Amino acid sequence: MLWVVENHSLPRTAAFFDLDKTVIAKSSTLTFGKSFYQGGLINRRAALRTAYAQFVFLAGGADHDQMERMRKYLSSLCRGWNVQQVKEIVAETLHDLIDPIIYDEAASLIEEHHRAGRDVVIVSTSGAEVVEPIGELLGADRVVATRMVVGDDGCFTGEVEYYAYGPTKAEAIKELARSEGYDLDRCYAYSDSMTDVPMLQSVGHPYAVNPDRALRKEALARGWPILDFNRPVRLKQRLPTLSVPPRPALVVAAAVGAAAATAGLVWYASRRKAATVYAG
Numbered sequence: 001m002l003w004v005v006e007n008h009s010l011p012r013t014a015a016f017f018d019l020d021k022t023v024i025a026k027s028s029t030l031t032f033g034k035s036f037y038q039g040g041l042i043n044r045r046a047a048l049r050t051a052y053a054q055f056v057f058l059a060g061g062a063d064h065d066q067m068e069r070m071r072k073y074l075s076s077l078c079r080g081w082n083v084q085q086v087k088e089i090v091a092e093t094l095h096d097l098i099d100p101i102i103y104d105e106a107a108s109l110i111e112e113h114h115r116a117g118r119d120v121v122i123v124s125t126s127g128a129e130v131v132e133p134i135g136e137l138l139g140a141d142r143v144v145a146t147r148m149v150v151g152d153d154g155c156f157t158g159e160v161e162y163y164a165y166g167p168t169k170a171e172a173i174k175e176l177a178r179s180e181g182y183d184l185d186r187c188y189a190y191s192d193s194m195t196d197v198p199m200l201q202s203v204g205h206p207y208a209v210n211p212d213r214a215l216r217k218e219a220l221a222r223g224w225p226i227l228d229f230n231r232p233v234r235l236k237q238r239l240p241t242l243s244v245p246p247r248p249a250l251v252v253a254a255a256v257g258a259a260a261a262t263a264g265l266v267w268y269a270s271r272r273k274a275a276t277v278y279a280g
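Its first residue numbered 1, the sequence shown is counted upward by one per residue in this note's numbering.
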């Protein structure tokens with residue numbers, strides 16, 4: 001075993017997990033691209049670009065500027081989308097798309113933290129319509145995710161109410177610590193991205209999982225343990241004990257942005273822009 005999860009009964013503690021490339025092998029948002037296309041929410045061109053974006057994401061991830069462009073683009077793209085339709089599409093395809101790409105190592109860690117009496121919290125920049133069902137699938141106790149405004153007509157207005165990214169993730173964790181009584185010095189956090197350094201810094205036991213180049217360098221400099229997860233596996237095939245009754249996975253921010261499944265447009269545009277700049 002590459003990690004040690006100590007058992008402490010008091011005070012309360014938690015393990016905070018980033019989602020994409022930390023718990024699952026792909027981008028949770030981009031993975032639903034084909035499903036949203038089939039559901040009529042995006043066109044064929046967007047679906048193809050989403051597939052390309054998944055490749056880009058797996059190859060190198062996203063830096064701060066790319067994430068910011070993605071946020072602005074998606075907030076306008078999802079305007080008018082019916083929230084209930086988005087939830088139904090995610091529910092119908094969740095097991096087929098997400099179950100096969102959950103890291104065996106991450107599932108084992110989640111199980112170990114629960115056995116140690118520790119809460120498990122998924123903290124993701126993706127929207128809650130995507131993250132909450134995944135959290136329930138994993139048996140997470142809570143979810144922190146991006147939230148967008150929903151109008152009286154049940155559709156996204158295009159405005160971002162809460163963006164779970166960078167320092168905001170750390171703030172959410174500290175707020176949870178205050179409300180739930182977590183001792184952050186005895187808590188754990190896991191992420192693959194340099195943008196999550198504030199989250200990792202906020203706990204006593206930070207771990208870099210499949211880190212991007214910048215986070216790997218930072219982790220080595222700070223002496224943070226580095227874990228390599230590389231065995232995606234279906235939960236029902238290897239962890240029947242992880243299937244616990246669904247719990248409300250709503251916390252500081254939980255409610256939206258499944259529009260992020262079309263993030264491919266932003267990824268594609270940003271890569272083309274970068275190529276143009278370098279060519280110039």
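In this text, a Cβ means the ideal position worked out from N, Cα and C, and glycines have one as well. A quick note: this is a predicted structure, and the numbers were derived from the prediction, not measured.
Sub-8 angstroms separation of residue i and residue j beta-carbons
{"i": "S28", "j": "S108", "result": "no"}
{"i": "D141", "j": "V123", "result": "no"}
{"i": "D99", "j": "R234", "result": "yes"}
{"i": "F17", "j": "V23", "result": "yes"}
{"i": "L184", "j": "G204", "result": "yes"}
{"i": "V143", "j": "V130", "result": "no"}
{"i": "P133", "j": "K169", "result": "no"}
{"i": "S191", "j": "I173", "result": "no"}
{"i": "G158", "j": "C78", "result": "yes"}
{"i": "F156", "j": "G40", "result": "no"}
{"i": "F229", "j": "E92", "result": "no"}
{"i": "Y164", "j": "A145", "result": "A small correction: the amino acid at residue 164 is Ala; Tyr does not occupy that position in the sequence shown. Closer than 8 angstroms, so yes."}
For residue i: DSSP bridge partner residues
{"i": "H205", "result": "Y188"}
{"i": "G127", "result": "T146"}
{"i": "V120", "result": "A15"}
{"i": "L227", "result": "V209"}
{"i": "V160", "result": "M148"}
{"i": "S20", "result": "In the sequence under discussion, the amino acid at residue 20 is Asp, which differs from the Ser named in the question. Partner(s): I24."}
{"i": "C78", "result": "Its beta-bridge partners do not exist; DSSP assigns none."}
Chain D contact for residue i (CB, 8 angstroms cutoff)
{"i": "A208", "result": "Among the protein chains of the structure shown there is no chain D, as only one such chain exists."}
Delimiting residues of the alpha helix (DSSP H) encompassing residue i
{"i": "A172", "result": "P167 to E180"}
{"i": "S27", "result": "Neither: S27 is in no alpha helix (DSSP H) and is coded neither H nor E."}
{"i": "D104", "result": "D104 to R115"}
Limits of the beta strand (DSSP E) - the one that residue i falls within
{"i": "V233", "result": "Here V233 belongs to no beta strand (DSSP E), and DSSP marks it neither H nor E."}
{"i": "A14", "result": "A14 to F17"}
{"i": "T93", "result": "Unbroken run through T93 is the alpha helix (DSSP H), V83 to L97; no beta strand (DSSP E)."}
Beta-carbon contacts of residue i that lie in its chain and below 6 angstroms, excluding the five residues immediately before and after
{"i": "P206", "result": "A189, L200 and W224"}
{"i": "A187", "result": "The question names Ala, but residue 187 is Cys in the sequence shown. If we look at C187 and ignore the five residues flanking it on each side, its Cβ neighbours are T13, A14 and V203."}
{"i": "L94", "result": "P133"}
{"i": "A177", "result": "L184"}
{"i": "I89", "result": "S35 and G39"}
Neighbourhood of residue i by C-beta, 7 angstroms cutoff - its chain only, sequence neighbours within 5 removed
{"i": "G154", "result": "N82, V83 and Q84"}
{"i": "I226", "result": "A208, P211, R216 and A219"}
{"i": "R118", "result": "T13, A14 and A15"}
8 angstroms CB neighbourhood of residue i in its chain, flanking five on each side removed
{"i": "G181", "result": "P11 and R12"}
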